[in-house]
Structures are given as C-alpha cells and as structure tokens.
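In short: position in the first sequence from 1, add 113, done, that's our numbering.
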Amino acid sequence: MTATALRTHRCGALREAHVGLEVRLGGWLHRRRDLGGLIFFDLRDRAGIVQVSFGPDWTPAAVLEAAATVGPESVVLVRGVVQPRPEAARNPEMVTGQVEVRATQLEVVGPAVTPPIPVWRTKGEDLPAEELRLLHRQLDLRRPEMERNLALRHRLLQRARGVLTELEFYEIETPMLTRPTPEGARDYLVPSRVHPGQFYALPQSPQIYKQLLMVAGFDRYFQLARCFRDEDLRADRQPEFTQIDLEASFVGPEDVYGFVEAVMVNLWDEAGHEVGRPFHRMAFHDAMEHYGSDKPDLRYELKIEDLGDLFGGRGFRVFDTAVEAGGRIRGMRVPGGAQLSRKALDEIAAVAQRHGIGGLATLKRTGDSLTGPLAKLPDIASEQAGLKDGDLLLVTAGADNVTSAALDAVRLQVIQRLELEPVEQHAFLWIEDFPLFERELESDEWIFAHHPFTAPRPEDLPALLDRQYGDVKAQHYDLVYNGNELGSGSIRITDPEVQLRVLEAMGIPRADAERRFGFLLTALRSGAPPHGGFAVGFDRVVMLLAGADSLRDVIAFPKTTAARALFEDSPSPVDPAELASLGIEIRGQ
RNA sequence: GGGGCUGUAGCUCAGUUUGGUUAGAGUGCCGGUCUGUCACACCGGAGGCCGCGGGUUCAAGUCCCGUCAGCCCCGCCA
C-alpha cells in the first residue's frame, strides 16, 4: 500500500526488519550533518524521520558531492540499502535509530528556498509567532506535532462514522447555501447572482434540515457538519467549525444519551483512554447552586454551599446588606486551604471581583485558632463552620447570578493553586432540566435559552400556555467534560401548535412565524415523528484529546482571532464588476 | 463593542524601568576545515524602517498620542 512509482517505504517506517533491503524513499530534508567525508540526512515524511548516510565506501562521488548542497526542507528521492548502524552510532531516541539508509542515488525533486520559519527546532526553542505559523502554514504543518494532531483528527472522524453507522445512522449531507436566520448568531451571507439583492446564508448548524430528514422518515441521521458563525473568536472558537451532528426519531432523552455516550466512549478509546458509562447527570439548577457554572469540572470535589444559616444576621455588615437586598450568602470549604498565602488569597479575591462581587471573606483554621475577617464574629466555632485543622472557608454574598460566576472562578483558582488531586480523569457529565426561556438582562424580555425548536417538558405545557415562562423547563441537555462544554441537544417540538406558542412567547406573531419558519411548520403538519438529537463540537474534542491549547492546532487552515486567513489573505475586496453583477455596491467607510 | 499582553536580524529573544557613542546573543544563512554524526565540532563572514504614523527633546528602540497586526479575556456565540 505504501509503495508507489517513486518510493518503496515511508522514512519513519524503517526498522531492523528492513535490514538488507534496497529501498527508495521520498521525503523532506529535515536536517543535514556534513562531516566532510561523511554526510548524514535526517529525512522526514509523515511517518517520521530516518537517517540517510552518504559515505565514499558506498556512495558514488557525484552523489556525495550533490548531497553536500541540498538545502533544508527540499524534497529528495533517495535510493539506498537499509543497514544496521555501527554499535556506537545507534540512536535510542529515534524509533528508526537502529538503522540507516546507505545512499547510492540522490535526486532533488523539490528544491526549497531557505524556510522563513524553521520546521526543525532545537530542544526548548519556542515556536515561531502564531502569525508566522499561519502565514507559512505549509511549513508549520510539516512539524511532527501538527502531523500527529491531524492524524488523530482523521482517526476520530473515521471512528465517529463507524460507531454511528453501526448504530444504524445514515450519513446525509445538507446544503451549505441556506436561508438566513435573523435570530441566533450572525450569519455569513452569500449573495445570489441569479437573484440580485437576495442572499443565501452559510449554515450555523444543519438544525432544520435534520428535523426535515426525521419528518422524511430517515429515522437516524448523522453528519460531520461544517458550521459557520460570524461571531467574535476565542482560543476554543473558530468562525467555521465541525460538529458531529445527529438526530433520531422515536426517541427520548435516554436514547440520545445512549447514542452520544457510545460515540464519546469510542472517540476516547481511539485516543487511548478508557471511559466508563453511564455518564454523570446533574440538573442545571444544581450545577449553578453547587458549582456556579453550567459546565462544572467534576474532576474535583470542591462544592459551593449556602452559608446563610451560619453567617446570616450575625452583624457582618456586607452580608446583612446583601441579604436585605434579596441576595444569599454562599461560599465553599476548602480542605487544606489554610496553606494559601495572603497574597494568593488576594489574587483569588481579585479574580472573583472581576466577576462583580464586592469581596471575598475568609475564615481560616490553624490548630484550634480561627483567623480572617469572619473570625471576629461572636460565637463562631470551628465545628460550627465545619472546618478541620488547615481548612479554609471562602464566603461572599449577593445575587445568585453574580456570586455563581464569581464562586465558579474562585473554585477553579483554588483547584489550580492547591494542585488538588482529581477524583477521576474523565469526568463526563450530562446537564439536564434547563429552563426553556431566560430573561435578557437589559430589556428584561424573555428570550430563547437554546433554539426555538427545543421542546418544553410535557408537564410544563400548562405553564407555557399560562405564560408562566420562567416555570417552563426544556427537554434540553448539554454534555460537559472536565469543565468543557462539548455539545448540546434536545428533544424537538413536533406539535406545530406548540411551536407557534413558543415562537409567540418570544414575540414572534403567528403570521411572522408562518413566513419565517413556514417550511418547518408545514413539515410538522405533514406527519412528524417525535425526534431529538445532539451536536458535538468536534474540533474541541480533538483539541482536548490531542492535548492542544488552541483549536488552531487541530485545524489545518484556521482563522486568526480577527477571523482572517493569513495564508490566503482572506477576506479580501472583490472586483467592482463582480459586485455589480451581484447588484451590490460598497459604501465608503 | 471593551480590557490586557506582545511587536527589535530569516527565526527565538535580551536591551525600554533611569532617553545619550557604532543596537546585542543564540540559532538559521553564506564561505572554509573535518570519515560515525544525530542541537556534529571548529574558523571566518554577511544580515536591522527597533510594526507603522505623528509628537516631545539638543538627542527616541527607550517618553507621549494615534494606528495596524497577532494572541488572551469580557460582551457576543438562539
């Protein structure tokens, strides 16, 4: 399979078993060591690196001479014989280090100019600036680390296909040119030449299509779907990204959990990790209450508690004020937290304050003595506070939506600074029972917490009809892994009347709803099976399994944080004539 | 939209705190010596719009203002 017209083996594949074979290799000159009489090449291809040696005893003089002039990163074809290296010259750090290829022929088929960024680096040398790595992407991708990441990505993609095919899912492609959606993320628009003044949008997700496929009776669908959102970026967010998108009919949440868990367990297995099932589950409310986050990292046991009974009405001014304003006193007991220095605590408090709380009160137990601002309160005893020797209590007060975010940040800080031992390595977690609607902070209006097609819980339908929107829970679920949101899904609305009610609740009158979502409503009226599904953020999965810090390291050609492609220099202006044919005129800035 | 960090040789970085002769190092590159290297070794050399624009000053890599780019975070991401 490896052998082709121009080569017999891949460089990185050669082992002692190949000794004696005459081989032909094609690869990039990673590094050259010229000792005068002897010349060594480290020859690299996607499989790895092998040493090629040129010496007067086995290499013709003209070839030896040519070998002295090949520049780094040039592509060469080499013919030679695999030989064991002299005993003293073996390199245990290379998988091919027991052998070398003694060259008899050399042809430079792809000479390279001196590379602007190095592919080879000395030990401990920093990577080139990200800007240069993206600009010269074909060189950056030659680094073995990038090869490993993209090879892993490939294997994970194939594994996902395999599992879902096994589970009787069809892989079905959906359009990239679709209808703009006014709600949700901003769309990337594509002008139509045939219909000047009209636009397609690139899909933010194949959401509606997959629902139509369920109505069509395909029963189980999946797609390794490219999605596009014109929003500001982060290290873990790209404007175009890949989802493992799936949808199934005649299912409840348990079925969806089962499908997704099967996929995840297989992907983790592909990366060499054993993961147990079923995954943990937690209600959204409990996640916010005990972890201050809808994506808690359950590798660590630290929990947030309501400390109102302990500190309420004790005359601690800021607490009492907060409670009078309708807030609560919450905090966490940190076993061993007394070892945190004053400076560390100040820094943790500063992080918390960036999330809007006034401050972080502490109570520290060392031996039998209590210290910290809260120790001054009358009648506070260690037992009462639940503190053992060396423990620390961190407390704040205020509105839940502020203290939750702050305590979440505090929790992560404490975990990091105390280097707490994880109680498990792979903490998968389902978050359930999300509210269907939430209030927008500024306008105080109800908005979708998820997307408009998420079904309410059947038992909450009366509340929906009663316009008690705050009481309606969604059949929506998020998948969380070690504090990272990996994806989300839901059971969808299949009753057109419920769909209209939900849209109405969001201030979309029936007439508008029929116009904007008519094709979906029509589909729902044409015999729609109960269905639901999920979408996994695949790039993020690859990033975590590759141990990468950024999505850019697991995507071959990513965009910058300003959504630019440096390699090809896009986006770019276009010819006015082309714009004119689209009926588009650019106004000056 | 807002905040932060970074920008000096092809690359990775010192130098900016406290303005002051000719801006350094490692690596890479070029030339030379070298038969067992694998960060080969040794000798020699070239290489700079100090991101860009403006200002302060006798004098700016260094101080001030603006701007561009990359990265990180908040908002945003139904």
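The beta carbon of each residue, even a glycine, is placed where N, CA and C say it ideally should be.
Proximal residues to residue i (C-beta, below 8 Å), its chain only, five neighbours per side dropped
i, result
"L664", "A348, D349, R350, Q351, F354, D652, R653, M656 and P671"
"Q702", "With a pLDDT of 48 at Q702, under the threshold of 50, the predicted position of this residue should be treated as unreliable, though the coordinate-derived value follows. Closer than 8 Å at Cβ, skipping near neighbours: no residue."
"V378", "V388 and R390"
"S685", "none"
"R299", "R342, D343 and E344"
"V464", "A522, V523 and Q526"
Span of the beta strand (DSSP E), counted from its first residue to its last, around residue i
i, result
"G139", "E135 to D147"
"Y594", "H589 to Y594"
"H644", "H644 to G650"
"E213", "V212 to G223"
"P304", "L302 to P304"
"R394", "H393 to A396"
"F341", "R333 to F341"
"S482", "S482 to T484"
"Y413", "Neither: Y413 is in no beta strand (DSSP E) and is coded neither H nor E."
"K501", "That residue, K501, is in no beta strand (DSSP E); it is neither H nor E in DSSP."
Reduced DSSP secondary structure (H/G/I, E/B, other) of residue i
i, result
"Q702", "Caution applies to Q702, whose pLDDT of 48 falls short of 50 and renders its modelled position unreliable; the value that the coordinates give is listed next. Three-state DSSP puts Q702 in coil, outside helix and strand."
"Q538", "coil"
"R157", "strand"
"F354", "strand"
"L453", "coil"
"R347", "strand"
"I442", "strand"
"S663", "coil"
"I528", "helix"
"R192", "strand"
"T117", "coil"
"Q164", "strand"
"V687", "coil"
"S603", "strand"
"R478", "strand"
"G696", "coil"
"A678", "strand"
"F566", "coil"
Which residues DSSP lists as bridging residue i, in chain order
i, result
"K586", "P548"
"N716", "Only positions 114 to 702 of the chain appear in the structure, and residue 716 is not among them; the question remains open."
"S362", "H644"
"T509", "R443"
"E284", "F335"
"I668", "I668 is not bridged to any residue."
"D419", "R443"
"P197", "V212"
"T291", "A314"
Close Cβ partners of residue i (< 7 Å) along its chain, the five nearest in sequence each way excluded
i, result
"E598", "K408 and D591"
"G696", "P309 and G310"
"W559", "F550, R552, Y582, A618 and M619"
"L265", "A384, V655, L658 and A659"
Unbroken alpha helix (DSSP H) run spanning residue i, endpoints
i, result
"F372", "P366 to E383"
"F632", "R623 to L637"
"I321", "Q320 to V328"
"A314", "It is not in any alpha helix (DSSP H) - A314 instead sits in the beta strand (DSSP E) that spans F312 to A314."
"F561", "Taken as a continuous stretch (DSSP letters only), F561 belongs to no alpha helix (DSSP H), being part of the beta strand (DSSP E) at W559 to F561."
Proximal residues to residue i (C-beta, below 6 Å), its chain only, five neighbours per side dropped
i, result
"R246", "D253"
"F432", "F424, I442 and A510"
"R137", "R120, T121 and R192"
"A540", "L411, R412 and N595"
"R215", "S166, W171, G193, V194 and Q196"
"H249", "P229 and I230"
"R146", "F153"
message: Within 8 Å, do at least three Cβ pairs link the segment 574 to 594 to the segment 535 to 545?
response: yes
- prompt: Taking one C-beta from the segment 355 to 374 and one from the segment 288 to 306 each time, how about it: are there three or more such pairs within less than 8 Å?
  reply: no
message: Quick check: the segment 195 to 209 against the segment 122 to 133, are at least 3 beta-carbon pairs closer than 8 Å?
response: yes
- prompt: Is the segment 176 to 195 in contact with the segment 223 to 234, if contact means three or more CB pairs nearer than 8 Å?
  reply: yes
- prompt: Does the segment 428 to 436 touch the segment 456 to 469, meaning 3 or more C-beta pairs lie closer than 8 Å?
  reply: no
- prompt: Contact between the segment 317 to 326 and the segment 392 to 400: three or more CB pairs below 8 Å?
  reply: no
- prompt: Does the segment 524 to 533 touch the segment 410 to 420, meaning 3 or more C-beta pairs lie closer than 8 Å?
  reply: yes
- prompt: Just checking, does the segment 233 to 240 make contact with the segment 607 to 618 on the three C-beta pairs under 8 Å criterion?
  reply: no
- prompt: Counting Cβ pairs, one atom from each stretch, are 3 or more of them under 8 Å apart for the segment 275 to 294 and the segment 143 to 163?
  reply: no
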